[in-house]
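Everything on this sheet refers to the single structure shown next.
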Ligand code: S3P
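Structure (structure tokens):
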């Protein structure tokens, strides 16, 4: 058995100030690599995320023959003359890598075996395999989970797809299939998820038309060369936004980050909780801007439900920490999708709150968090926190520990590198007077 690494986390001794370093946006980085891999001329990616998840997408694409080389601080992505088929692709911990790659394989008519770590091997894949079947993707080994062997034949389908669950990963997988294999896709989702893919395709001039709850896209369509500027990651910024909210007297400047409407749910939630939030001028078709967040005199309780759950889903673990500091009961309603993330995050968030000595009730897919609302620190837990291999849980514990009564211990802090390899160094930096 590998020895478990631990890290001792000290509370903040005063207000947090500064401009935390942020990784490049993970969602846009995956898309830059995948769409760049299909283009007729090379793509230049500026500010690609160094996250382990993104490295898995890059390595998998290189396994299929895509050329990815450094050019100073940029990355050049070139489509292969001959794609490789029948290869094994390791997706690590990354659901985006696995689900989006399935779309690329379907549209290109390639066969591959997808593997991943224990957490990814529990996550559902049918949600993307089922609609991709129309584009000819067949499953040779596996069911709903990795490991999965698939064969693509690039069938040009004409299909209307009504997604039962909003998912930007599934939308992207289908777009990757249509632009290569051809046909026509009409897609609808129950709530609006992040639309980086739609905006990127619109910017490139693709035959994409918006529908009231989705989009229509026709293919085949040749992707042109492109230079993609990748902004900071708002999901990584959310950790520092909550840090500013809970450490009295703090103010942090975050970004520039993506301000895509599907990504800013957490900012709206902190605003409703009473945090002074200043949004700088947004620029670009997929908007980018700076966010300044300060601590309020009192954090108010809040309820998150419906579309807001979709638009703040990845940030719920850390928002729960802010809710634990609020004066009264906050509620997260109908967050079933959280159960299918890197861990059963709904249960895991309740576990994190229990570790912090906060009363929380989980009932079905709803979580009620009883915030104490005073400035008293979280009592020092008697044991180390285990993040269950979930990066966002580990980082949420790292933020909560800023207001603990003394040093606390976290197991496996390295898991933060899945999305933000610089997280612990940044935590140290913003605590320096
Ligand atoms: C992502 C979409 C979301 C999100 C994930 C990244 C993306 O997942 O939770 O971290 O980049 O498209 P779903 O597609 O399952 O909503």
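Residue numbers (the working numbering): 404 to 836. By construction, the Cβ of each residue, glycine as well, lies at the ideal position given by its N, Cα and C atoms. Model, not experiment: these values are computed from the prediction.
- Taking buried to mean at least 16 other C-beta atoms within 10 Å of its own C-beta, is residue 592 buried or exposed? It counts as buried.
- Item | residue 534 beta carbon less than 7 Å from that of residue 581 | Residue 534 is positioned such that its CB atom lies no closer than 7 Å to that of residue 581.
- Query: Helix, strand or coil: which one does DSSP assign to residue 407?
  - Reply: When secondary structure is reduced to three states using DSSP, residue 407 falls in the coil class, being assigned neither helix nor strand.
- Query: What is the DSSP secondary structure of residue 749, counted as helix, strand or coil?
  - Reply: Here residue 749 sits in helix by DSSP.
- Message: Does the region 544 to 559 come into contact with the region 500 to 519, if we say contact requires no fewer than three beta-carbon pairs (one atom in each stretch) closer than 8 Å?
- Response: At 8 Å Cβ cutoff, the stretches touch.
- Message: So, with DSSP's three-state summary, where would you put residue 659?
- Response: Here DSSP, grouped into helix, strand and coil, assigns residue 659 to strand.
- Query: Candidates 696, 500, 807, 467: which alpha carbon is nearest residue 573's?
  - Reply: Of all alpha-carbon atoms in 696, 500, 807, 467, the one lying nearest the alpha-carbon of residue 573 is that of 500.
- Message: So within the region 480 to 546, which uninterrupted alpha helix (DSSP H) runs reach at least 4 residues, ignoring any that extend past its ends?
- Response: Whole alpha helix (DSSP H) segments, 4+ residues: 498 to 511, 529 to 535.
- Message: For a minimum of 4 consecutive residues, which ranges assigned as the alpha helix (DSSP H) are wholly contained in the region 433 to 467?
- Response: As far as the region 433 to 467 is concerned, its whole alpha helix (DSSP H) runs of at least 4 residues are 455 to 466.
- Message: If you follow the alpha helix (DSSP H) that residue 826 is in, where does it begin and where does it stop?
- Response: Element bounds for residue 826: 826 to 834.
- Contact set, the ligand S3P heavy atom to C-beta under 5 Å: That gives 430, 499, 570, 571, 572, 717.
- Query: At which residue ranges does the region 536 to 597 contain complete beta strand (DSSP E) runs of 3 or more residues, listed in the order of the chain?
  - Reply: Taking only runs of at least 3 residues, the beta strand (DSSP E) segments lying wholly in the region 536 to 597 are 541 to 544, 551 to 554, 560 to 565, 586 to 591.
- Near residue 540, which residues of its chain fall below 6 Å by C-beta distance, leaving aside the five closest residues on each side in sequence? Counting only Cβ-Cβ distances below 6 Å, and skipping sequence neighbours, we find 509, 553, 555.
- Among the residues of its own chain, which have a CB less than 7 Å from the CB of residue 559, if the five just before and after it don't count? Taking C-beta separations shorter than 7 Å and ignoring five residues to either side along the sequence, the partners of residue 559 in its chain run 584, 585, 586, following chain order.
- Task: Going by CA-CA distance only, name the one from 708, 736, 833, 726 that's closest to residue 776.
- Result: Checked all of 708, 736, 833, 726; the closest Cα to residue 776 is 726.
- DSSP-derived helix/strand/coil call for residue 698: Three-state DSSP puts residue 698 in coil, outside helix and strand.
- Query: Does DSSP put residue 616 in a helix, a strand or coil?
  - Reply: In the three-state reduction of the DSSP assignment, residue 616 falls in the coil class.
- Query: Taking the runs of the beta strand (DSSP E) that are 3 residues or longer, which of them lie wholly in the region 662 to 731?
  - Reply: Fully enclosed beta strand (DSSP E) runs of 3 or longer: 680 to 682, 691 to 697.
- Compute the distance between the beta-carbons of residue 692 and residue 685, then report whether it is under 7 Å. In this structure, residue 685 lies closer than 7 Å to residue 692 by Cβ.
- Message: Please list the terminal residues of the continuous alpha helix (DSSP H) segment that includes residue 606.
- Response: It spans 599 to 606 - the alpha helix (DSSP H) in which residue 606 sits, taken as one unbroken run.
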